[in-house]
Amino acid sequence: MNKTLALIPACLLLVAAGCKREDTGEPRSATTTTGAPGMGTLANEEGMGRIIEARCDREVACDNVGEGKKYVTRERCRKDIRAATVAELGPNPCPNGLREERINACISEVRGEKCSVSGDDLAKVAVCRHAAICVPK
């Protein structure tokens, strides 16, 4: 349970950052900067936004979004996941940014989770944990 609680905030913070974006239907471009040679880093907002979107994609795929479901709308999914993440981690959990390769690995794990596994158990995914996704100081 404690592991679950630890992972949820990290993912929620990523999701929260991407919630205010308007979906234009066009592919998003990644804003990547280089913190060290060969090491892609993302701003907290960008990385969290990607994870939040992936989590809500999973909730949609698992039929958890809609009238009478866990989330009434996709927007409600984004808001709830974002709020939980910010509450747990704060608005800027990784001062040096997020490791893009770890964010991508986290998203892959989220997308691969079975619907029988609660999305709230995301903290159990090692590649999504705070220590795994933050660029070291």
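Note that our numbering has the sequence shown beginning at 1110, numbered continuously upward. Note that the Cβ used here is the ideal one computed from N, Cα and C, for glycine as well. Small disclaimer: the values here were computed from a predicted structure and weren't measured.
Short of 7 angstroms from the beta carbon of Val1169, and not among the five residues preceding or following it, lie these beta carbons of its own chain, in chain order: Arg1183. Exposure of Cys1224 is indicated by the presence of fewer than 16 other C-beta atoms within 10 angstroms of its C-beta.
The beta carbon of Arg1211 is closer than 7 angstroms to those of Val1236, Ala1241 and Ile1242 in its chain, skipping five residues each way along the sequence. Counting only runs of 3 or more residues that sit fully inside the segment 1143-1229, the beta strand (DSSP E) segments are 1148-1151, in chain order. If you draw a straight line from the Cα of Ala1152 to the Cα of Glu1222, it comes to about 25 angstroms. Apart from the 5 residues on each side of it in sequence, Tyr1180 sits with its Cβ closer than 7 angstroms to the Cβ of Glu1168, Asn1173, Val1174, Cys1186 and Asp1189 in its chain, given in chain order.
Annotation: Lys1246 to Ser1227 spans about 32 angstroms, alpha carbon to alpha carbon. A check of alpha carbon separations from Cys1165 across Glu1176, Glu1154 and Arg1191 identifies Arg1191 as the nearest. Contact between Val1234 and Glu1218 holds, with the beta-carbon distance rounding to 5 angstroms and staying under 8 angstroms.
C-alpha of Arg1220 to C-alpha of Met1157: approximately 15 angstroms in a straight line.
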